[in-house]
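In UniProt numbering, the protein residues as written are 1 to 446. These notes are about the structure you will find just below.
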Amino acid sequence: MALPTIVLCKFNVGAKSVAVKLGILGLGTVGTGTVQLLQDKVGRHPLLQEIEIYRVGVRSLTKPRAVELSPEVITTDLEAIVNDPAVDIVVELMGGLEPARTLILTAIKNGKHVVTANKAVISRFGAEIFTAANQTGVYVLLEAAVGGGIPVIQPLKQSLSVNRISAIMGIVNGTTNYILTRMQTEGSEFDDVLADAQKLGYAEADPTADVDGLDAGDKIAILASLGFDGRINREDVHCEGIRQVTKTDIAYSAKLGFVIKLLGIAQHLDQDNSRLSVRVHPTLVPQTHPLASINGVYNAILVEGEPIGQVMLFGPGAGAGATASAVSSDILNLVATLKTNTAKPNSLLACRHQHYSQITPISELVTRFYARFLSKDQAGVIGRLGTCFGNYGVSLESVVQTGFQGELAEIVVVTHNVREGDFRKALAEIQAMESIDSIPSVLRVL
Ligand SMILES: NC(=O)C1=CN([C@@H]2O[C@H](COP(=O)(O)OP(=O)(O)OC[C@H]3O[C@@H](n4cnc5c(N)ncnc54)[C@H](OP(=O)(O)O)[C@@H]3O)[C@@H](O)[C@H]2O)C=CC1
Ligand SMILES: N[C@@H](CC=O)C(=O)O
Ligand code: NA
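Below is the structure:
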């Protein structure tokens, strides 16, 4: 696809001899990590010598900071930073939708390149932001926005870009992977583990974005747009979080040979690539699958393409240092560009698609399911379940009745592949059966 016309080009600044000036918005977990990394230059890439931390925008001037910056560098006037003609690159590390979106757009309008770690703003306003950037002739780079320190955005844009991608799936939220791992290995309670993830700086300012799968939804939307070469309407991405995952399900899954992971999945559903599914949900992953062994705050993204086959990118998905590594690599890319005497944009750095991909509704997904039922301990319940499933074309891979919860028998089934809409119809009918008390969990199986 051709690059949109560049009307005003910032790439041809010529080889600058002066330092490249950064305006950093935000000095929290990632901002602090980035400033620390940029200040600690010894043994790192020599281009770091060419960077000046010129302004840093924060909300509070009185908050204690873990980095030393002279008082004239720190300001609460973020608008002044993005409007300052001396600033070459705006590094947005504040998070949230507004004022981040407006500040990014103002920076672009003023001809500044942008680096951001903000997947929420990119997944929702990417169309507006990249259109503005292409028109102004500046880059918006976002390596830190997905997979924290793992290089995944640039590999999809560059090293893997000639492949025909058929699937991108991964563990893209460190907080939930940390929680699920500790629930699995220690039998810990959800709330205690979440508090630890917050203390360690992994969680978002509002951790519901992590726990409810929205952060992973933002990230898989971004990866899908890169891998499948079309914009993704964020509202079309089906998102489920991990609140409904219980210790009981983790234990049953283990007995059946699975671990539960929150996966972001973007994949073509047909050989002819006519339908694209983009979704996030807790998933039973076979213990032998490469994603099953990714634990703690680590993320991993499995990319399947032709001719390359499978590539897995693995590393720390959150935290100050890891994320600062990704932010700083984008900054260095831009510094190198600003120092190079070229009038042409690099199409492997810029965003190149403008149309929206059509996303298939979740009801059309064909997948295996795990479901746990609580039933009255009556004869023939399993038979009635099997008959009802059969009526909707759901065939069962395994049925286990292991335990009791009080008076109620616990039945766990794993299905063969089934169309989700048909499975849900069967569940609705089963839920209405007199012998069924409840269906505490329904999870998809990879
Ligand atoms: N934490 C992580 O591991 C990762 C985070 N990210 C992304 O990086 C971004 C930053 O995250 P993180 O560092 O954790 O967030 P924090 O909440 O730790 O830091 C946010 C910073 O932005 C400043 N800020 C926020 N809103 C405003 C505002 N309206 N005006 C002025 N300053 C403001 C805060 O100022 P003050 O300090 O004065 O309160 C703070 O310094 C987010 O987009 C996040 O999704 C991406 C990958 C990993
Ligand atoms: N809250 C996010 C931080 C990185 O994007 C996570 O837990 O992965
Ligand atoms: Na990354």
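Backbone N, C-alpha and C define an ideal beta-carbon position, used for all residues, glycine too. Since the structure is predicted, the reported quantities are computational estimates derived from the model, not experimental observations.
{"Item": "Cβ distance (whole Å) where Thr283 is taken to contact Arg444 below 8 Å", "Value": "5 Å"}
{"Item": "Cα-Cα separation between Thr136 and Val115, rounded to whole angstroms", "Value": "15 Å"}
{"Item": "Backbone CA spacing between Ser188 and Ala197 [nearest angstrom]", "Value": "13 Å"}
{"Item": "Neighbour-count burial assignment, Ala205, 16 or more Cβ in a 10 Å radius", "Value": "exposed"}
{"Item": "Check: Gly213 C-beta below 6 Å from any heavy atom of ligand 2", "Value": "no"}
{"Item": "Sufficient close CB pairs (3 or more, under 8 Å) joining the stretch 50–63 to the stretch 142–156", "Value": "no"}
{"Item": "Close Cβ partners of Leu332 (< 7 Å) along its chain, the five nearest in sequence each way excluded", "Value": "His45 and Leu47"}
{"Item": "Secondary structure of Gly14, DSSP reduced to three states", "Value": "Because the pLDDT of Gly14 is 48, which lies under 50, any placement of that residue in the model is unreliable, and the number read from its coordinates should be weighed accordingly. Of the three classes helix, strand and coil, the one that applies to Gly14 here is coil, per DSSP."}
{"Item": "Val394 versus Val414 - alpha carbon distance", "Value": "10 Å"}
{"Item": "Exposure label - Val418; buried when at least 16 CB within 10 Å", "Value": "buried"}
{"Item": "Burial state of Met94 (16 or more Cβ within 10 Å)", "Value": "buried"}
{"Item": "Inter-residue CB distance, Asn249 and Ile260 (contact presumed, cutoff 8 Å)", "Value": "The residue asked about is misnamed: residue 249 is Asp in this sequence, not Asn. Between Ile260 and Asp249 the Cβ distance is about 6 Å, and since that is below 8 Å, they are a contact."}
{"Item": "Sheet register partners of Met169 (DSSP bridge)", "Value": "Ile265 and Leu302"}
{"Item": "Coil, strand or helix - Ala19 by DSSP", "Value": "coil"}
{"Item": "Thr340: CB within 6 Å of a non-hydrogen atom of ligand 2", "Value": "no"}
{"Item": "Element boundaries [beta strand (DSSP E), containing Ile439]", "Value": "Ile436 to Val445"}
{"Item": "Bridge-paired residues (DSSP) for Glu72", "Value": "Per DSSP, none; premise fails for Glu72."}
{"Item": "Proximity of Pro440 and Arg372 at Cβ, strictly below 7 Å", "Value": "yes"}
{"Item": "Own chain residues within Cβ distance below 8 Å of Ile359, not counting five before or after", "Value": "Ile232, Asn233, Asp236, Val237, Leu276, Ser277 and Val278"}
{"Item": "7 Å CB neighbourhood of Gly230 in its chain, flanking five on each side removed", "Value": "His353, His355, Tyr356 and Ser357"}
{"Item": "For Arg368, the nearest candidate out of Leu78, Asp218 and Phe423 (CA to CA)", "Value": "Phe423"}
{"Item": "Enclosing beta strand (DSSP E) for Phe228 [first to last residue]", "Value": "Note, Phe228: premise wrong, no beta strand (DSSP E); not H, not E."}
{"Item": "Other residues of its chain near Val67: CB distance less than 8 Å, five sequence neighbours each side excluded", "Value": "Leu27, Thr32, Val35, Gln36 and Gln39"}
{"Item": "Element boundaries [alpha helix (DSSP H), containing Met94]", "Value": "Per DSSP, Met94 belongs to no alpha helix (DSSP H) and is neither H nor E."}
{"Item": "Exposure label - Lys10; buried when at least 16 CB within 10 Å", "Value": "For Lys10, the predicted structure reports a pLDDT of 49, less than 50, and the residue's modelled location is therefore unreliable. A value from the coordinates is still provided. Burial call: buried."}
{"Item": "Assigned secondary structure, Cys356 (DSSP; H/G/I helix, E/B strand, else coil)", "Value": "This sequence places Tyr at residue 356; Cys is not what is there. DSSP places Tyr356 in strand when its eight states are reduced to three."}
{"Item": "Distance cut-off 6 Å: Lys199 Cβ against heavy atoms of ligand 1", "Value": "no"}
{"Item": "For Pro207: DSSP bridge partner residues", "Value": "The partner list for Pro207 (beta bridge, DSSP) is empty, contrary to what the question assumes."}
{"Item": "Local Cβ density within 10 Å of Pro316, reported as buried at 16 or more and exposed below that", "Value": "buried"}
{"Item": "CB-CB length for Ala322 against Gly148, believed under 8 Å", "Value": "5 Å"}
{"Item": "Reference Asp77, options Ser70, Pro85, Arg55 and Leu69, closest by Cα", "Value": "Arg55"}
{"Item": "Expected contact under 8 Å - CB spacing of Ile430 and Leu385 to nearest Å", "Value": "6 Å"}
{"Item": "Closer than 6 Å: Glu92 CB and nearest ligand 2 heavy atom", "Value": "no"}
{"Item": "Asp377 (DSSP reduced to helix, strand or coil)", "Value": "coil"}
{"Item": "C-beta atoms of Glu50 and Val87 nearer than 7 Å", "Value": "no"}
{"Item": "Rounded distance between the beta-carbons of Ser438 and Phe376, thought under 8 Å", "Value": "In the sequence on display, residue 376 carries Lys and not Phe. About 11 Å; that fails the 8 Å criterion."}
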